[in-house]
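Input: a single structure, listed below in structure tokens.
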Amino acid sequence: MAIDISPALAHAFALLRNDLYTYLDVTEALATDNAVWRPEDVRSARRVIGDLVEVIRSVVAQHCEDAAGGCRFCHSMYWPCSTIEAVYRVLRDPDREFVRLVQSEPGSW
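Residue numbers (my numbering): -1 to 107.
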């Protein structure tokens, strides 16, 4: 069910989304823009990995199953909801680094 929102609220949501994307874009640029990493780039990357994991964990933690088998957060009738499915697809994509890292840990798979 779609909810009608005012143009002002739609604009506020767009500004919020764009602000969040700015943070992600700058973080992504750290990994992709520098041919040679300076020591401060390495320190920043190490810190931001933990921050990104915390962001993903907070999303996953909110979208948990309720007693009826739906999503407690987004009220989807079914769990996993589309948010959890999207996170799952990225984390379990064999072409991404997540899978390689997990498979390299002894006893993880």
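Where a beta carbon is used, it is the ideal one built from N, C-alpha and C, also for glycine.
In the three-state reduction of the DSSP assignment, Glu103 falls in the coil class. Between the C-alpha atoms of Glu26 and Ala59 there is a straight-line separation of about 24 Å. Following the DSSP letters along the chain, one finds Tyr76 in no alpha helix (DSSP H), marked with neither H nor E. With fewer than three CB-CB distances shorter than 8 Å, the region 96 to 104 does not count as touching the region 66 to 81. The region 81 to 91 makes contact with the region 46 to 60; the number of CB pairs closer than 8 Å reaches 3 or more.
Within the region 48 to 73, there are no complete alpha helix (DSSP H) runs of at least 4 residues.
One Cα belongs to Leu89, the other to Pro5, and the distance between them is close to 35 Å.
Between the C-alpha atoms of Val24 and Ser74 there is a straight-line separation of about 32 Å. With a beta-carbon spacing of about 7 Å, Val46 and Leu28 fall inside the 8 Å limit used to define contacts.
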